[in-house]
Each structure stands twice: as structure tokens, then as C-alpha cells.
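Data block below; observations after.
There are 2 protein chains.
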Amino acid sequence: MLSKKTQYAFRALEVLVKKYEQGPVLISEIAKKKKIPLKFLENILLQLKKDGVLDSKKGKGGGYFLVHKPSKVPVARIIRVVDGPIAMLPCVSLYFYQKCKNCDEKHCGLHDIMIDVRDAQLAILEKKTLADLMV
Amino acid sequence: MLSKKTQYAFRALEVLVKKYEQGPVLISEIAKKKKIPLKFLENILLQLKKDGVLDSKKGKGGGYFLVHKPSKVPVARIIRVVDGPIAMLPCVSLYFYQKCKNCDEKHCGLHDIMIDVRDAQLAILEKKTLADLMV
DNA sequence: TTTTATCCTACTTATTTTGTAGGGTAATGG
DNA sequence: CCATTACCCTACAAAATAAGTAGGATAAAA
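First to last, the sequence lines map onto chains A and B.
Read in my numbering, the first sequence has 131 at position 131, and its numbers run on one by one without any break.
Position in the second sequence counted from 1, then plus 135, gives you my numbering.
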């Protein structure tokens, strides 16, 4: 399951998508509108900024804004930044790979199944973008 | 990500699949063979028994064994019993549904995306069975 | 140079996961 | 019928992760 933090991230991004190219949006505005704890949201947006999804301006008239067109940012990217691995096992993760101990990947049926699942997940999550968050 | 517990469960099931219809297998034997903490494994197998995946015999010559043919038990079932929800959001889970607060499912893009992901996951996890664990 | 608003680190608390303890219950075999 | 075997069950402890808080540093603008 996606963490609460990740769900907060998506709800915050909704606001930023809606205001895309309309100037920076205050953290406090997002927090209020989406009922997210302010300081927690601060951390989340900072993480997204470090990854290059968001950028920010300080001082009066400042705030956060999207760097790219919403339709250019896959949902998978957000999940990876905020939540971490998408795959169901460390040994099949593309971005967070870790060898599983006591298990030979060449002779592990579960491994093979989870590769299929991962590919099925990514087929959707890499295609769907922030633009698809809006209905 | 699947919990360690769930990964233990699958590894234990491998043993039981291999010995399908060859009589009960001791918890201690599985624990030793797969390097799983004995008492922890006991809990896992008990959970699987309560769900009807496994059955057991007490006393001398006792142990655990599969109730159904391995090819009749979907991987999804094991995950649900040991790990819980498969879906990435509570509001799209079939077996563990929970309404998400501050979010109207009829107007939530993320909801729709996660339904697609869930269906893609289940297409595989409901089709693949314990028989597929063996290679 | 004051105000505004993000940046950054560290810390606390809550929750979940992982693992342990210890006795209870049922079946088997002598 | 009773001792042994092996699963059954509950509760608890420890470790890890997630969620949220605090407080000042930094930078931009007016």
C-alpha cells in the first residue's frame, strides 16, 4: 500500500497541476486546502523539489510550482521519490534492487511471478501522468 | 513491498508443494530447511490453516500439508492471508476496502489509476498458483 | 533591513513488523 | 491410560518504519 505520505503528495500535486503556469503556490495554501499537516507537507514538497519534480521561490510571492508539464511527469516517478520501490520484492525492483538472501533468482518461481507483476504495474504507472490525476 | 513474513510463507509453501500428497511435514523441518525462525513460522502456518490453505495433523507423524492441489491455489490468496491488501490504495481494494477520507472516489484521478493497477496485478496474481513457485 | 516563505536537521511519537515465551490441546503408540 | 509428540493459542517484547513536530537558517523581495 502507498504510504499516507505518498497520498498527501498526490493531493498536493493536484493543486499544483491545477495552478500550472500560474505562478508559485504557498505550502500553507496547499496544506489548508488539502488538510495536510503543514510541516509534514513541507518535507514532502522538499523531497519532490530535490528530485526535480518541483521547484520553488522564496520570499514574498514565493511558493512551489511544477517544473514540467503535468503530462510529462509519470505517476511512477512520484511514487518512487516519496514511497520508494514499486515492485513487490526487492529482488525485482528496477530502481531499488536488492539481492534476496537464501534465494537463487535463477531458480525462484516467486521471483519470476513478481517480475511479471512489476511489468504490469509499470505499464500503467509509467504511462499515466500527473495530468491524469485531474478528472 | 511484501513483508518478510509473506516471503517466509512462500518459502514454506515451496516445501509443502514439493511434498504434496506425501504426508504431513513438520514445522521444524520446514524451519530448518528454509532458515525461518521456528515460532514465527508456526504463526504463519497457523494463519494459512485458518484460511483453509493448509491443514495439519497433531501428535507423532503429524505436521502440515496442503489441502488443495498446488495448481488450484492462486498466489493472490496467499498474499491476502499473510500480507493483507494487494491494491495500492485502501479505496480500490477488493477484499480490504476502506473509504478514503477527504477524497471523493467519483472525482479522483488517482483512484482510477489505482484501479487499473490493481486489475493488472490481479490478472497475474490470480492466475499464477503455488505450482508456479516451482521451477 | 524587515518581512515573507522556503530550507534543513533533528527529534518525538505512533504504528507496524518481526520475533519470543510458555503453556494448552489433541493425537498416537506402547 | 499415560507419556510423548507436535500443533494450537495468547500475549508480550523488541526492532523498524512511518507520521508528525520543532526551531532556527537561508534567501528573496519590498
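Just so it is clear, CB atoms sit at the ideal spot from N, CA and C, and this is done for glycine as well.
Counterpart residues of Lys192/B in DSSP-defined beta bridges: Residue pairing of Lys192/B in beta bridges, as defined by DSSP: Gly198/B.
Partner residues on chain A for His242/B, Cβ-Cβ distance less than 7 Å: Close to His242/B, with beta-carbon spacing below 7 Å, are these residues of chain A in chain order: Val135.
Chain B residues whose Cβ lies nearer than 9 Å to that of Ile113/A: Here the neighbours are Val210, Ile259, Leu260, Lys263, Asp267 and Leu268.
Contact belief for Tyr143/B with Leu176/B at Cβ below 8 Å, rounded distance in angstroms: The pair is a contact, with the Cβ atoms about 6 Å apart (cut-off 8 Å).
Pro205/B (DSSP reduced to helix, strand or coil): Note: Pro205/B maps to helix in three-state DSSP.
Contact set between Asp170/A and chain B, taken where Cβ atoms lie within less than 7 Å: Any question about residue 170/A goes unanswered here, given that chain A covers just 1 to 135.
Three-way DSSP call (helix, strand, coil) for Val15/A in this model: Helix at Val15/A.
Inter-residue CB distance, Ile221/B and Ile214/B (contact presumed, cutoff 8 Å): Indeed, because the Cβ distance is near 6 Å, the residues count as touching under 8 Å.
Nonlocal neighbours in the same chain, by C-beta distance under 8 Å from Thr6/A, ignoring five residues either side: These residues qualify, in order along the chain: Ile78, Ile79, Val82 and Asp83.
Cβ neighbour criterion (16 or more within 10 Å) applied to Phe229/B: In the sequence on display, residue 229/B carries Leu and not Phe. Looking at its Cβ environment, which holds fewer than 16 other Cβ atoms inside 10 Å, Leu229/B is exposed.
Nearest residue (CA-CA) to Val135/A, options Asp254/B, Pro172/B, His242/B and Ala255/B: Comparing Cα-Cα distances from Val135/A to each of Asp254/B, Pro172/B, His242/B and Ala255/B, the minimum goes to His242/B.
The region 248 to 258 of chain B / the region 112 to 123 of chain A touching (three or more Cβ pairs under 8 Å): With a cut-off of 8 Å, the region 112 to 123 of chain A and the region 248 to 258 of chain B count as touching, because enough Cβ pairs lie within range.
Contact set between the region 186 to 206 of chain B and chain A, restricted to residues whose Cβ is under 8 Å from the partner: Look at the region 186 to 206 of chain B: it has no residue with a C-beta under 8 Å from a C-beta of chain A.
Endpoints, the alpha helix (DSSP H) within which Phe96/A is located: Careful: Phe96/A lies outside any alpha helix (DSSP H) and carries neither H nor E.
Proximal residues of chain A, C-beta to C-beta of Pro220/B below 8 Å: Correct list: Met1.
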